[in-house]
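Undergrad: To start, I am sharing the structure in question, which I have written as structure tokens.
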Amino acid sequence: MRIGELAERTGAPARMLRYYEQHGLIAADRSPNGYRDFPEATVERVGQIRGLLDAGVPVKIIKQILPCLDGPGQIYFPVPDPEMLAQLAEQRDRMTRKAECVLKNRDAIAAYLDRVSGTTA
DNA sequence: ATTCTTACA
DNA sequence: TGTAAGTA
């Protein structure tokens, strides 16, 4: 499929999809006209990439664990590289801190909503 | 009409 | 990310 359709189906702007391709996160064939031709599987792949990106994982890291991404949310290394494990551990800690922050704000918003609904409804 | 590349702020 | 130019 072309970039426009992929953009619609993934919610990621065409510009970002080109960006992902530049960084080797996704691959595309080229039509005779020069247009990118993405495999069907790219839709799910972009979904995984966005999940990682939203979680705060830098493209640099995603690039390394991408070939190990399979089913939704599964990562595994047949041959663990000590350097990479250190990076992943650091990444895990950042994600933990971020998750705590997100939960805190979620609770704040939830509490506000409860108050308002009690006032309005 | 859609996409492509490049580049600056 | 918004934007613009000049193509195919």
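Under UniProt numbering, think of the first position of the first sequence as 1, with each following residue one higher.
Note that the Cβ used here is the ideal one computed from N, Cα and C, for glycine as well.
All figures in this text were calculated on a predicted structure; none of them were measured in a lab.
Quick one: grab the DSSP three-state call for I109.
TA: Looking at I109 - three-state DSSP - the assignment turns out to be helix.
Undergrad: By DSSP's criteria, I3 is part of a beta bridge. Which residues make up the other side?
TA: None, per the DSSP bridge assignment.
Undergrad: Under the assumption that R45 contacts R36 (Cβ atoms under 8 Å), give the Cβ distance between them as a whole number of angstroms.
TA: Actually they do not touch by this definition, with Cβ atoms about 14 Å apart.
Undergrad: With 16 as the cutoff for other CB atoms within 10 Å, does Y20 come out buried or exposed?
TA: Label assigned to Y20: buried.
Undergrad: So G24 and A14 are in contact, right, with Cβ under 8 Å, and what is the actual spacing, rounded?
TA: About 18 Å; that fails the 8 Å criterion.
Undergrad: Hey, would you say R9 sits closer than 7 Å to V43, going by beta carbons?
TA: Contact: yes.
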